[in-house]
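One structure below.
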Amino acid sequence: MNFSDRHLRFGWWSLFTFLALGLILETLHGFKLGWYLDVSSEMRRLMFTLAHAHGTLLALVNIAAGLTLRAVKDFTLKPSASHALVWGSVLLPAGFLLGGLVIHDGDPGLGVLLVPLGAFALLFGVFSFARSLPRTK
């Protein structure tokens, strides 16, 4: 599979996953579940909302990356850039999601430690994509 197909497939499946997570969050809100809506669960709501928002946005970034790879001639991308973009798109929202599953006195759980790892991978991936774009004359 080439990088374009990889990012398009990953992006569309991620978009489906995080839109489904949004539907689940709306359902939790609609049924007014205390585990999700109690004042003591404010951090959980925030972490889950951040996971949903970041996951959805990063899915769109991967779709844009896949389309860019198809549309731009002479675009050669290093595998490390593609891997970093995908891993950043997994680790960042996963860190928020896992951080919200178990909260400790208003603080997120240890899963939130994945967020900076995902952020650095994402920064490297986006920087590498931008640097790899061929210059037009």
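Position 14, counted from 1, in the sequence shown is what our numbering calls 70; the numbers after and before it change by one each time, with no gaps. Backbone N, C-alpha and C fix where the C-beta goes; we use that ideal spot for every residue, glycine too.
Closer than 8 Å is the cut-off here; do at least three beta carbon pairs connect the stretch 156 to 164 with the stretch 117 to 136?
no
In the DSSP assignment, find the alpha helix (DSSP H) that holds G181 and state where it starts and stops.
Translated into the one-based positions of the sequence shown, residue 181 becomes position 125. DSSP places G181 inside the alpha helix (DSSP H), whose first and last residues are 170 to 188.
Judging by CA-CA distance, which residue of R191, R126, S138, H85 is the nearest neighbour of G181?
To locate residue 181, count along the sequence shown from 1; it is residue 125. Minimum Cα distance to G181 is reached at S138.
May I ask you to verify whether the stretch 69 to 87 touches the stretch 122 to 135, counting CB pairs closer than 8 Å and requiring at least 3?
Because the criterion of three Cβ pairs below 8 Å is not met, the stretch 69 to 87 and the stretch 122 to 135 do not touch.
Using a Cβ-Cβ cut-off of 6 Å (strictly less than) and excluding sequence neighbours within five positions of H63, which residues of its own chain qualify?
Residue mapping note: residue 63 aligns to position 7 of the sequence shown, counting from 1. Answer for H63: N118, A121, G122, listed in chain order.
Just to confirm my understanding: we take F104, look at its own chain, exclude 5 residues before and 5 after, and list those with CB closer than 7 Å. What are they?
For this step, residue 104 is matched to residue 48 along the sequence shown. Hits under 7 Å: L81, L153, G156.
Just curious, the alpha helix (DSSP H) that P135 is in, first and last residue?
On the sequence shown, position 79 is the one that residue 135 refers to. It spans 135 to 157 - the alpha helix (DSSP H) in which P135 sits, taken as one unbroken run.
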